[in-house]
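Structure record follows, encoded as structure tokens.
Numbering (this note's numbering), first residue to last: 160 to 470.
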């Protein structure tokens, strides 16, 4: 504890002395006087690259400052910082000494850095509070190189989505809104980046649980959609969804769920065939379409279904 207090005192003293020296200096430095270097992606930081930054420093400290800059950059890359600032830093006994530092981490790199970062928490947008189900998906998303997103919009909504691809997921949600049924949209959901079968299974379980919660006797619709994939194995991705649907058979029937599937891409014929077979197996209304159908056509079919009065 004593050592910590001494270090805090030293830092404050050094900062105070530094600011004193700047008291008579115009701090509104022109941008032309700020030294910068441009480092292309995947290029290493070297003393040659640092040279413009340290060229006017005393010769005896150039090497140490250059090495310090390279070390900071190595940490910046290794820990996936998106921003790192030390302002100011000085020399103590000839060694670089940051007096203040601010950094920002790239939260999309959490899946590969959770051991290095520890229990760091990223702030949510102002006023946003995650539900338990959203928190669960958020945790999955942090531990995978794929993308798994899920937001509950209306727990009582009757149209739910599970869409492959960030762009496609927005288009599906917008289409439901454009058709005049945004108030019935239960969620926003997106999976992409080729998640494995187990990840898709856990993801689909959550979506289905939310979509089938609190049955009220009215029909509901689940859109399992997406564009035409370039590289993702559609059949492999569907395996996780099929397993989840099979597990949730009782809930699907109790909530009068109607399922609409549209997908294209590598191995899509096999994936769609398995979906059709699942519909017959479970006895749940399930319509399946490939790339011959428009991507958002199932949105209109789902709306017509839930709004059509029972015979």
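Built from N, CA and C at the ideal position, the CB exists for glycine as well. All values derive from a computational prediction rather than experimental measurement.
Between which two residues does the beta strand (DSSP E) harbouring residue i extend?
| i | result |
| --- | --- |
| residue 251 | 248-251 |
| residue 446 | 445-448 |
| residue 340 | Segment: none, residue 340 is in no beta strand (DSSP E) and carries neither H nor E. |
| residue 320 | 318-320 |
Please classify residue i: is it buried, with 16 or more other beta-carbons within 10 angstroms of its beta-carbon, or exposed?
| i | result |
| --- | --- |
| residue 302 | exposed |
| residue 317 | buried |
| residue 447 | buried |
| residue 371 | buried |
| residue 218 | exposed |
| residue 260 | exposed |
| residue 418 | buried |
| residue 403 | buried |
| residue 320 | buried |
| residue 405 | exposed |
| residue 300 | buried |
| residue 349 | buried |
| residue 288 | exposed |
| residue 327 | buried |
| residue 407 | buried |
| residue 466 | exposed |
| residue 381 | buried |
| residue 162 | Because residue 162 sits at a pLDDT of 42, beneath the cut-off of 50, its placement in the model cannot be relied upon, and the point is left open. |
| residue 457 | buried |
At which residues does the alpha helix (DSSP H) containing residue i begin and terminate?
| i | result |
| --- | --- |
| residue 398 | 393-406 |
| residue 211 | 206-213 |
| residue 364 | 356-370 |
| residue 387 | Premise fails: residue 387 is in no alpha helix (DSSP H) and is neither H nor E. |
| residue 292 | 291-301 |
| residue 274 | 269-276 |
| residue 194 | Per DSSP, residue 194 belongs to no alpha helix (DSSP H) and is neither H nor E. |
| residue 459 | 456-466 |
Can you tell which of the options has its C-alpha closest to the C-alpha of residue i?
| i | options | result |
| --- | --- | --- |
| residue 243 | 386, 233, 294 | 233 |
| residue 206 | 313, 225, 315 | 225 |
| residue 427 | 276, 435, 393 | 393 |
| residue 451 | 387, 443, 402 | 387 |
| residue 248 | 241, 238, 228 | 228 |
| residue 376 | 415, 365, 382, 297 | 415 |
| residue 214 | 231, 312, 239, 196 | 196 |
| residue 315 | 368, 267, 269 | 368 |
| residue 335 | 463, 200, 296 | 463 |
| residue 413 | 254, 443, 395, 201 | 443 |
| residue 246 | 237, 240, 236, 257 | 257 |
| residue 421 | 274, 275, 331 | 331 |
| residue 313 | 433, 343, 278 | 343 |
| residue 280 | 265, 291, 290 | 265 |
| residue 253 | 238, 352, 268, 222 | 222 |
| residue 425 | 449, 241, 439 | 449 |
Can you round the beta-carbon distance between residue i and residue j to whole angstroms, since I take them to be within the 8 Å contact cut?
| i | j | result |
| --- | --- | --- |
| residue 385 | residue 345 | 18 Å between Cβ atoms; not a contact. |
| residue 459 | residue 338 | 6 Å |
| residue 430 | residue 390 | 14 Å between Cβ atoms; not a contact. |
| residue 307 | residue 362 | 5 Å |
| residue 399 | residue 360 | 4 Å |
| residue 305 | residue 358 | 6 Å |
| residue 293 | residue 322 | With 8 Å as the limit, residue 293 and residue 322 do not qualify as a contact, their Cβ atoms being about 17 Å apart. |
| residue 220 | residue 250 | 7 Å |
Identify every residue that forms a DSSP beta bridge with residue i.
| i | result |
| --- | --- |
| residue 264 | 240 |
| residue 423 | 387 |
| residue 217 | Paired residues: none, contrary to the question. |
| residue 254 | 251 |
| residue 311 | 346 |
| residue 306 | 351 |
| residue 379 | 416 |
| residue 323 | 350, 385 |
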